[in-house]
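Residue numbers (our numbering): 1225 to 1592. Note that beta-carbon positions come from the ideal geometry of N, C-alpha and C, so glycine has one too.
Shown next as structure tokens:
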């Protein structure tokens, strides 16, 4: 009994090795991948408990094992989808659902006596990754962080070696559970590390179409232009519910920023500098009478010099290009670079936020 309890505790603890990878998916707002990963963790916990104590917990051991295998295959295929580097989210959506449905269907077909169809599914996705990374001439493929990818491959190779150890430890009766459990636990740890570094090597692209976050097309400097030159234009856009600059997006950005700063926004300039929606590039607390109310916030357009606009756009473009080349790993580093470059040439305290929670914008505090 004590041996079974210790074996279960060891396997349960090693399953926790998947948590760092799940944290990366949570930060990147990859909800479907996070769902599969968390479910896999829960199912693995139940399977280990049933296997260690030789009992039944809602489902039989083989049934928990079946679900665990389906989710493990799905999780790996979802990672392959990101490694393919498609920037079109429609491609990724189709590939993700095909991966989940295919893993379930082919595992049911194979049962426990074969891995033919499961293997074909995995090989097809790996072939897609190989083609996209080594043979495709598509220049829009999102680059990988090569250093993190090397770490991932090293951990994966070590996990494969450890996974083969039970073959040599297996006794004549084929019932050496201690060696098998130890090897499986070590393989879980190394596999978790491999998934963690692989997820870090994949750049975070847009996870939802209605997010106020950067899109690749808006990184090109030639695509950027000033949209609103008058506060009435903003008011008109909100009333007409323009497909690109909708009321919902404008209000969400402003309401979130006002809540975050814990102060009403009274003077704002807009320019689509970093994301594909309206961006706040300058702000002060000076009050004006000719304001426009949107979502309960006071808005006034503030002119900015052409030199300042070019400085912000150039700095943001260069920093975002570095992010997608793998030279930077987080939007925070992009914001830090833009802030540093602006403060070197412009007086006052500058604040830069680049990311998903509150949109992407630059604010400027000036002394009265």
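Same chain, Cβ closer than 7 Å to residue 1328, five either side skipped, listed in chain order: Locating residue 1328 in the chain shown gives position 104, counting from the first residue. Excluding positions up to five away in sequence, the list reads 1294.
At what residue ranges does the segment 1266-1314 contain a whole run of the alpha helix (DSSP H), taking only runs of 4 or more? Correct list: 1285-1308.
Measuring alpha carbon to alpha carbon, tell me which of 1240, 1320, 1356, 1248 ends up nearest residue 1423. What you label residue 1423 is simply residue 199 of the chain shown in a count that begins at 1. Nearest to residue 1423 by C-alpha distance, out of 1240, 1320, 1356, 1248, is 1248.
How big is the Cα-Cα spacing for residue 1262 and residue 1538? If you number the chain shown from 1, residue 1262 lands on position 38. If you number the chain shown from 1, residue 1538 lands on position 314. A straight line joining the alpha-carbon of residue 1262 with that of residue 1538 spans about 40 Å.
Taking the alpha helix (DSSP H) that residue 1249 falls in, what are its first and last residues? For the purposes of this step, residue 1249 is taken as the residue at position 25 of the chain shown. It spans 1243-1251 - the alpha helix (DSSP H) in which residue 1249 sits, taken as one unbroken run.
For residue 1335, does the three-state DSSP call read helix, strand or coil? Working through the chain shown from its first residue, we reach residue 1335 at position 111. Of the three classes helix, strand and coil, the one that applies to residue 1335 here is coil, per DSSP.
Between residue 1285 and residue 1279, what straight-line distance do the alpha-carbon atoms span, to the nearest angstrom? Residue numbering aside, residue 1285 sits at position 61 when the chain shown is read from its first letter. Residue numbering aside, residue 1279 sits at position 55 when the chain shown is read from its first letter. Going from the Cα of residue 1285 to the Cα of residue 1279 covers about 8 Å.
Same chain, Cβ closer than 6 Å to residue 1353, neighbours up to 5 away in sequence not counted: For this step, residue 1353 is matched to residue 129 along the chain shown. Apart from the 5 residues on each side of it in sequence, residue 1353 sits with its Cβ closer than 6 Å to the Cβ of 1304, 1307, 1308 in its chain, given in chain order.
Nearest by alpha-carbon distance to residue 1370: which of 1564, 1560, 1549 is it? Mapped onto the chain shown, residue 1370 falls at position 146. Per the Cα distances, 1549.
In three-state terms, what does DSSP make of residue 1374? As a first step, residue 1374 is located in the chain shown; it is residue number 150 there, counting from the start. If DSSP states are grouped into helix, strand and coil, residue 1374 belongs with the helices.
Label residue 1240 either buried or exposed according to how many other C-beta atoms from any shown protein chain fall within 10 Å of its C-beta, with 16 as the threshold for buried. Taking the chain shown and counting its residues from 1, the one referred to as residue 1240 is at position 16. Residue 1240 should be labelled exposed.
I'd like the span of the alpha helix (DSSP H) that includes residue 1348, first residue to last. Here residue 1348 refers to the residue found at position 124 when the chain shown is read from its first residue. Boundaries of the alpha helix (DSSP H) around residue 1348: 1340-1354.
Anyone know if the C-beta pair for residue 1543 and residue 1557 falls short of 9 Å? In the chain shown, residue 1543 corresponds to position 319, counting from 1. In the chain shown, residue 1557 corresponds to position 333, counting from 1. Yes.
Return yes when the Cβ of residue 1411 is within less than 9 Å of the Cβ of residue 1383, no when it is not. Taking the first residue of the chain shown as position 1, residue 1383 is located at position 159. Taking the first residue of the chain shown as position 1, residue 1411 is located at position 187. The answer is yes: Cβ separation under 9 Å.
Residue 1368 (DSSP reduced to helix, strand or coil): Sequence index remark: in the chain shown, residue 1368 carries index 144 (1-based). The three-state secondary structure of residue 1368, taken from DSSP, is coil.
When DSSP labels each residue in this structure, what does residue 1551 get in the three-state scheme? Along the chain shown, read from residue 1 onward, the residue named residue 1551 stands at position 327. DSSP places residue 1551 in coil when its eight states are reduced to three.
Alpha-carbon spacing of residue 1341 relative to residue 1297, whole angstroms: By one-based count along the chain shown, residue 1341 stands at place 117. By one-based count along the chain shown, residue 1297 stands at place 73. Taking the straight line from one Cα to the other gives about 12 Å.
On the three-state DSSP scale, how would you describe residue 1569? Position 345 of the chain shown holds residue 1569. Helix, per DSSP.
Alpha carbon to alpha carbon, how far is residue 1244 from residue 1531? As a working mapping, residue 1244 is identified with position 20 in the chain shown. As a working mapping, residue 1531 is identified with position 307 in the chain shown. Those two C-alpha atoms are separated by around 43 Å.
Hey, how far is the Cα of residue 1282 from the Cα of residue 1560? Counted from its first residue, the chain shown places residue 1282 at position 58. Counted from its first residue, the chain shown places residue 1560 at position 336. Distance between the alpha carbons of residue 1282 and residue 1560: 51 Å.
Exposed or buried, residue 1536, counting other C-beta atoms within 10 Å across all chains shown (16 or more means buried)? In the chain shown, residue 1536 corresponds to position 312, counting from 1. In summary, residue 1536 is buried, with 16 or more beta-carbon neighbours lying within 10 Å of its beta-carbon over all protein chains present.
Check residue 1560 in the structure and name its three-state DSSP category. Along the chain shown, read from residue 1 onward, the residue named residue 1560 stands at position 336. Here residue 1560 sits in helix by DSSP.
Taking a contact to mean a Cβ-Cβ separation below 9 Å, would you say residue 1301 touches residue 1310 in this structure? Taking the chain shown and counting its residues from 1, the one referred to as residue 1301 is at position 77. Taking the chain shown and counting its residues from 1, the one referred to as residue 1310 is at position 86. Not a contact, by the Cβ cut-off of 9 Å.
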